[in-house]
Structure formats: C-alpha cells, structure tokens
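Accompanying notes for the structure given below.
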Amino acid sequence: LAAQHLAEALEDLVHEQIKEHPDYEIVVCGHSLGAAAATLLTLIWAKEKTFGDTPLSAYAFGPPCSLSYELCQTPFSRHYVTSIVVGDDFVARLNVNTLKDVQETVVAMVPQEEVSDKKKLEFYHDLQRQTSSHGMLYSPGTIYLLESEEFNMNALEVDPRTLFTSLEVTSTFITSHFPQRYVGAIDNLLKSPETECI
C-alpha cells in the first residue's frame, strides 16, 4: 500500500523529468526497508507501464524478504530488480519463519543454563532444519551475494531458497547490514581484479 501511494505521488514528477530528458533511465535504489519500497515501486511502475518505453530498474541493497518465491523469481521481477546482499546480512534472511526459529531457540535455551555453547548451537541448527518453508517471503529479483566467506569472497548469483532460508548467527550478521558495509563491498568488488562473479 505504501509503495502504491509512493508510485502515485512521484508519477507526475518523474513524467516531468522524462519530458525534459527523454534519454534518461529510471533507476530506483534503496537500502533495507528502502530496498523493499524501491522494489515494489519499480514493479508497480513496470507492470502498469507508467513511463512507456523508458528503461526502468531497481537496485535493492540489503533488501528484506518482501515477496513470495513465485513472485520474486519470475522473469519479470528478475528483469527489473537486482538485489545485493553482503555476507551474512540478517535482513535478507529475516522472515516469519526465521523469527520463529529465533524465538524457539531463545525459549528452548533459557532453562538450559548448564548446556555448553556448542550444544546450544547444535540445537539452534536442528530447529532451523525443522522449520517449514510454507508461506515464506524472499528477497526479490536477481540476487547477488558479496563478501561471503562461504564462497571465498566471490560475487555469486544466488537462489534465495537455497541460501536465505535461515538466519546465520555470526559475529557480523548485524554489522553486515550497515550501509557502509555495502559501499565497501561494492568498492572492493570493483577494485579487485581477482574477484570473480560466478
């Protein structure tokens, strides 16, 4: 609903700019919640062909899970939206099921004060495996994972069903979401000749 209001509020302004600059492309960007708004705004404008043949795209940095798998991975969504996720950023993995996982883990751990950290982590991972993917939401469009130690720091196009179905609780899962981490990761990717995009 917010994206629909935003689409309507900005439409005249964007039309004005296109008239003045017919060679312009429309690129909508956002980080975190702004990434979700940018995604939905772009998909609304693309679906309604609001700006005719003017090229339109969205870049979503650290996007929250906002679409069903069927919607986020359609050729239509993948054409218009590019999502960037850095490392173990928790926002790209945050949805009802992962929150349920965290809640169950915390509740289960409270009475187990005498249990080792290793056992607690094993219990947490067991709960993750048991959670259903029914009704899950995912990050949208074509998704690139940057600076993941799991993939030797290579830039990698990923399927959200295989990589973003659980929270990765690490020492950097919160700081990976900070905007400066995204700027740094993209800067590193552009500067590093040995980094490859898989």
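Residue numbers for the sequence shown, in the numbering used here: 305 to 502.
Heads up, the beta-carbon is just placed ideally off N, CA and C, and yes, glycines get one too.
For residue i, the nearest candidate out of the options (CA to CA)
i, options, result
"P359", "P483, K422, I330, I447", "I330"
"L441", "D393, R465, G366, N458", "R465"
"G334", "E352, S372, G366", "G366"
"R397", "K495, P368, T354", "P368"
"D327", "A341, F355, T343, Q308", "F355"
"T343", "A311, H319, L494", "A311"
"A307", "L467, L317, H319, A340", "A340"
"E374", "H325, D463, L494", "D463"
"F468", "D357, S370, I490, S496", "S370"
"L494", "L450, E454, F455", "L450"
"T378", "L425, E454, S443, E453", "S443"
"F380", "K404, P497, E352", "E352"
Residue i - partner residues in DSSP beta bridges
i, result
"A342", "The partner list for A342 (beta bridge, DSSP) is empty, contrary to what the question assumes."
"T386", "Y363, T446"
8 Å CB neighbourhood of residue i in its chain, flanking five on each side removed
i, result
"Y384", "T346, L347, A350, L360, S361, A362, G445"
"F394", "L471, E472, F477, I478, S480, H481"
Neighbourhood of residue i by C-beta distance below 6 Å, restricted to the same chain and skipping five residues each side
i, result
"D421", "none"
"T474", "D392"
"Y448", "I388, A459, E461"
"T519", "In the structure as shown, the chain begins at 305 and stops at 502. Residue 519 is therefore absent and cannot be evaluated."
Other residues of its chain near residue i: CB distance less than 7 Å, five sequence neighbours each side excluded
i, result
"T476", "G391, D392"
"T402", "S470, L471"
"L337", "P368"
Worksheet item: Which whole runs of the alpha helix (DSSP H) in the region 442-500 are 4 residues long or more, in chain order?
Response: 464-467, 483-495
Discussion item. Under 8 Å: do the region 380-395 and the region 471-488 share three or more Cβ pairs, one atom per stretch?
Written reply: yes
Item to complete: Quick one: which unbroken alpha helix (DSSP H) runs of 4-plus residues sit fully inside the region 311-381? Chain order, please.
Response: 337-352, 373-376
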